[in-house]
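Please read the structure below before turning to the comments.
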Amino acid sequence: MLRPRRSYTQLRFSVRAPIRCSEDRRVRVHVVGCSPAWPNPGGAQSGYLVEEDGRRILLDCGPGVLPRLRRFEPWPRLDAIVITHFHLDHWGDLVPWAFGGLFGAGREQEPPELWLPHGGRETLHGLDPVLYANAILELFDVHEYEEATPFTTAGFDLIAYRMLHYALESYGLRVSDGDRTLAYSADSAPCDGLVELARDADLFLCEATLAQPESGIRGHLTADEALDAYQSSGARRFVVIHRPDELPLPDGVERAYDGLELDV
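Residue numbers for the sequence shown follow our numbering, beginning at 8 and rising by one.
So, in structure tokens, the structure goes:
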């Protein structure tokens, strides 16, 4: 028999960011990890826990996310995990999650749904020889989503927008409870899809990995480019993610950090 779920609003990720208790049903985002492809000091890579009224989904599951969640309960209790693309800093902790779910502390617990971009099962099969990725397919209830096609999990409505991220198929996610809307860029260079993703959202989590624009094929944003997308979108609140700690931000721009809690 599974134990009753404990709300992550009762927990603390860091002394800098106490996660407050709440009796209302607002949507909250807990920044589990927000480092770029190289971790910030002591940081986890991409993982954003969205919670409302005991329902929880995790957007991306990069290295460091699973151990950070395990600081608060023997094994994380989630309804769904949604992966935006197959760069390792956005999905790498699915491998240890699968082994723990099959053989370790998570084996008595029902696994969450796992939502992958179209073709995700085939991608994981191809990675099996080096990462034992078929364990992911064995553990999770795997689904695939399509670009611009709404899907529902754990009572949240989601839609995936294609981002410009080198030559890789990569998506930003728009998440709504029917009242409040979160836009999550994942990884993207400047593109029209990024602005549409964030259109009139209540909260826009947007990457800003770069100090200067890349030459040639693009995959990421500078802080100024992220700010331009926000200003064009009409989103109500803007928080920068996926940014190296050593890079500053313009005055007045919010920067995410591991343990930050945000109301949508």
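All C-beta atoms in this analysis are idealised placements derived from N, C-alpha and C, irrespective of residue type, glycine included.
Distance between residue j and residue i (C-alpha atoms, nearest Å)
i: Cys28; j: Gly50; result: With a pLDDT of 38 at Cys28, under the threshold of 50, the modelled position of that residue is not reliable, and the figure given next carries that caveat. Their backbone Cα atoms lie some 24 Å apart in a straight line.
i: Tyr139; j: Gly133; result: 10 Å
i: Cys68; j: Leu101; result: 6 Å
i: Pro118; j: Gly108; result: 7 Å
i: His37; j: Glu58; result: 8 Å
i: His249; j: Arg181; result: 17 Å
i: Gly162; j: Ile224; result: 37 Å
i: Tyr191; j: Asp60; result: 21 Å
i: Asp209; j: Pro136; result: 42 Å
i: Leu171; j: Glu214; result: 12 Å
i: Ser222; j: Cys198; result: 15 Å
i: Asp231; j: His97; result: 23 Å
i: Val260; j: Tyr237; result: 11 Å
i: Pro6; j: Leu189; result: Any property of residue 6 remains undetermined from this structure, which presents the chain solely from 8 to 271.
i: Asp186; j: Arg35; result: 13 Å
i: Arg262; j: Pro255; result: 9 Å
i: Ala167; j: Phe110; result: 33 Å
From the options, residue whose alpha carbon lies closest to that of residue i
i: Arg84; options: Leu217, Pro43, Trp104; result: Trp104
i: Ala155; options: His172, Ser239, Leu204; result: Leu204
i: Leu284; options: Pro251, Val34, Glu153, Arg128; result: Any question about residue 284 goes unanswered here, given that the chain covers just 8 to 271.
i: Tyr178; options: Ala44, Leu217, Gly226, Ser222; result: Gly226
i: Val246; options: Leu269, Asn47, Ala44; result: Leu269
i: Leu95; options: Leu65, Pro157, Trp45; result: Trp45
i: Arg63; options: Leu131, Asp184, Ile143; result: Asp184
i: Arg78; options: Thr91, Ala112, Arg169; result: Ala112
i: Arg243; options: Leu131, Pro43, Phe211; result: Phe211
i: Tyr173; options: Pro81, Gln219, Ser195; result: Ser195
i: His92; options: Pro81, Arg262, Tyr152; result: Tyr152
Nonlocal neighbours in the same chain, by C-beta distance under 7 Å from residue i, ignoring five residues either side
i: Gly6; result: The question about residue 6 has no answer, for the chain in this structure spans 8 to 271.
i: Asn47; result: Pro251, Asp252
i: Arg169; result: Glu154, Tyr178, Gly200
Sequence-distant residues of its chain with Cβ nearer than 6 Å to residue i (five each side left out)
i: Asp207; result: Gly241
i: Glu30; result: Model confidence at Glu30 stands at a pLDDT of 44, short of 50, so the residue's coordinates are unreliable and nothing is read from them.
Other residues of its chain near residue i: CB distance less than 8 Å, five sequence neighbours each side excluded
i: Thr159; result: Leu165
i: Ile303; result: No statement about residue 303 is possible, as the shown extent of the chain runs from 8 to 271 and does not include it.
i: Asn141; result: Leu131, His132, Asp135
Inter-residue CB distance, residue i and residue j (contact presumed, cutoff 8 Å)
i: Glu115; j: Asp86; result: The pair is not a contact, with the Cβ atoms about 17 Å apart (cut-off 8 Å).
i: Leu234; j: Pro257; result: 7 Å
Any chain C beta carbon closer than 8 Å to residue i
i: Gly49; result: No chain C is present in this structure, which holds just one protein chain.
One or two residues paired with residue i in a DSSP bridge
i: Ile166; result: Arg181
i: Asp148; result: Glu120
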